[in-house]
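Notes to accompany the following structure.
Residue numbers (full-length UniProt numbering): 1 to 455.
Have a look at this one:
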């Protein structure tokens, strides 16, 4: 413990116009937004300033953020003698408006992920951490980069090569699930893409690099999501949102918010999912990406259905359908290519499944299944077959035999993808069909599911 007065912190606090109680209150509020329960009062700030005490991470970073807000410039913990910015698990939940800080965090996160460090692999999903990134993204309106000087050898040809790698990895994810290629993509991003962002390039190249890095960071996070590593996925998505802001691509930022909404809803937080989807809608116009806007509306519908707001959910799906009719696939960005009939109608089917509107769910599921089958998309096909199976049980004349037949197809498709999400879907089907175990088709499905689980 130090007993030397922290003059730097005293000066910054005074310059920012904080009283001791005011700074303590703001640090508590910032901590709460990140999932930390803090109870500081004026006496804590007195100890930091007068006695030179140093609080544990992530408090130094929260103090720096509070000072930065008031002063209108970036203040780092090192500026007032507190160099520790907190644990990686905490730091990667923070949304940074300075893209250079985001690059460092993604590199650290990727290295820990590749080394399978338990603190990252087992990192919790923090519900309260969702609010600040979406708010800051919308307020910033994907503001201008301030540091992009000095021409380098990297040009648009190299950027296009990076995007081509993204296309390949996204195709692998769409067709085979997130478990197949995540480590390969992570290695490519860490070893090749992110180091380019630590150099100076012309502004147009810099923006393009940030955009490419955001796409890849999102995809790494989405693959982790598909593999059931939700705390890890959340951290990649938050950092992807920050990189999207640095690129100036509002539609890409809205796409990241769509992914965050999808995850929040899956984990049982529909109110937060609804807010994220609507924030994305407010941040873009349909002409920026009709596919992205349609996705945001269907995810709004899913959140509303989970909240029991059936009429509002149906209205959101209708909006998604209407906007989807305007999609020109040739004009959409690569990351939006998966937002097609298989995906969008599959999500709409899930919306009506959750609203227990069986006929609508079956109609949309049929369309999704047909399109997924034409493309050979096993994961999306499995999800939509599962939705159709459950909807057969929701009908007034419940048909467990038809439900079991669709569930059996899910088992067939599950073997073609590396996806924890699909395995969880099989478990859910077993639970829902168990009450009908005396039906022959159901009994056969349950037997097959037990064998698959034991394999």
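We put the CB at the ideal spot given by N, CA and C, even for glycine. Since we're looking at a predicted model, the values are computed, not measured.
Please say whether residue 23 and residue 11 have beta carbons closer to each other than 8 Å? The residue you call residue 11 lines up with position 11 of the chain shown. The residue you call residue 23 lines up with position 23 of the chain shown. No.
Would you mind stating whether residue 154 and residue 189 have Cβ atoms separated by less than 8 Å? Residue mapping note: residue 154 aligns to position 154 of the chain shown, counting from 1. Residue mapping note: residue 189 aligns to position 189 of the chain shown, counting from 1. Taking 8 Å as the Cβ cut-off, residue 154 and residue 189 do not qualify as a contacting pair.
Which residues bound the alpha helix (DSSP H) around residue 48? The count along the chain shown starts at 1 and reaches residue 48 at position 48. Run containing residue 48: 42-50, per the alpha helix (DSSP H) assignment.
Measure the Cβ-Cβ separation of residue 99 and residue 242 and say whether it is below 8 Å. Numbered from its first residue, the chain shown carries residue 99 at position 99. Numbered from its first residue, the chain shown carries residue 242 at position 242. Yes, the Cβ-Cβ distance between residue 99 and residue 242 is below 8 Å.
Are the beta-carbon atoms belonging to residue 295 and residue 258 less than 8 Å from one another? Working through the chain shown from its first residue, we reach residue 295 at position 295. Working through the chain shown from its first residue, we reach residue 258 at position 258. Yes, the Cβ-Cβ distance between residue 295 and residue 258 is below 8 Å.
Going by the CB atoms, is the gap between residue 167 and residue 334 shorter than 8 Å? In the chain shown, counting from the first residue as 1, residue 334 sits at position 334. In the chain shown, counting from the first residue as 1, residue 167 sits at position 167. Against a cut-off of 8 Å, the Cβ pair of residue 167 and residue 334 comes out as a contact.
Would you kindly report the start and end of the unbroken alpha helix (DSSP H) that includes residue 222? Position 222 of the chain shown holds residue 222. Where residue 222 is concerned, the enclosing alpha helix (DSSP H) stretches over 203-226.
Helix, strand or coil for residue 157 per DSSP? As a working note, residue 157 is residue 157 in the chain shown. Residue state, collapsed to three classes: helix.
Evaluate the contact criterion for the stretch 201-212 versus the stretch 400-409: three or more CB pairs, one atom per stretch, below 8 Å. no
For residue 478, is the classification buried or exposed, using 16 other Cβ atoms within 10 angstroms of its Cβ as the cut-off for buried? Here the chain has residues from 1 to 455 only, and residue 478 is not among them.
Residue range of the unbroken alpha helix (DSSP H) whose run includes residue 240: Looking up residue 240 in the chain shown gives position 240. Run containing residue 240: 230-247, per the alpha helix (DSSP H) assignment.
Give the single residue among 240, 392, 256 and 211 whose Cα lies nearest to the Cα of residue 248. As a working note, residue 248 is residue 248 in the chain shown. Of the candidates 240, 392, 256 and 211, the one whose C-alpha sits nearest the C-alpha of residue 248 is 211.
Terminal residues of the continuous alpha helix (DSSP H) containing residue 270? Counting from one through the chain shown, the residue named residue 270 turns up at place 270. It spans 270-283 - the alpha helix (DSSP H) in which residue 270 sits, taken as one unbroken run.
Buried/exposed call for residue 328, threshold 16 Cβ in 10 Å: Locating residue 328 in the chain shown gives position 328, where the first residue counts as 1. Exposed, because fewer than 16 other Cβ atoms sit within 10 Å of the Cβ of residue 328.
DSSP three-state call for residue 85: helix, strand or coil? For the purposes of this step, residue 85 is identified with residue 85 of the chain shown, where counting begins at 1. With a pLDDT of 43 at residue 85, under the threshold of 50, the modelled position of this residue cannot be trusted; read the value that follows with caution. The answer is coil: DSSP assigns residue 85 none of H, G, I, E or B.
Taking the alpha carbon of residue 321 as the point to measure from, which residue in 332, 290 and 160 has its own alpha carbon closest? Position 321 of the chain shown, counted from the start, is the residue given in the question as residue 321. Ranking the options by Cα distance to residue 321, first place goes to 290.
On the three-state DSSP scale, how would you describe residue 115? As a working mapping, residue 115 is identified with position 115 in the chain shown. Three-state DSSP puts residue 115 in coil, outside helix and strand.
Locate the alpha helix (DSSP H) running through residue 384, then write down its first and last residues. Taking the first residue of the chain shown as 1, we reach residue 384 at position 384. Taken as a continuous stretch (DSSP letters only), the alpha helix (DSSP H) holding residue 384 covers 378-394.
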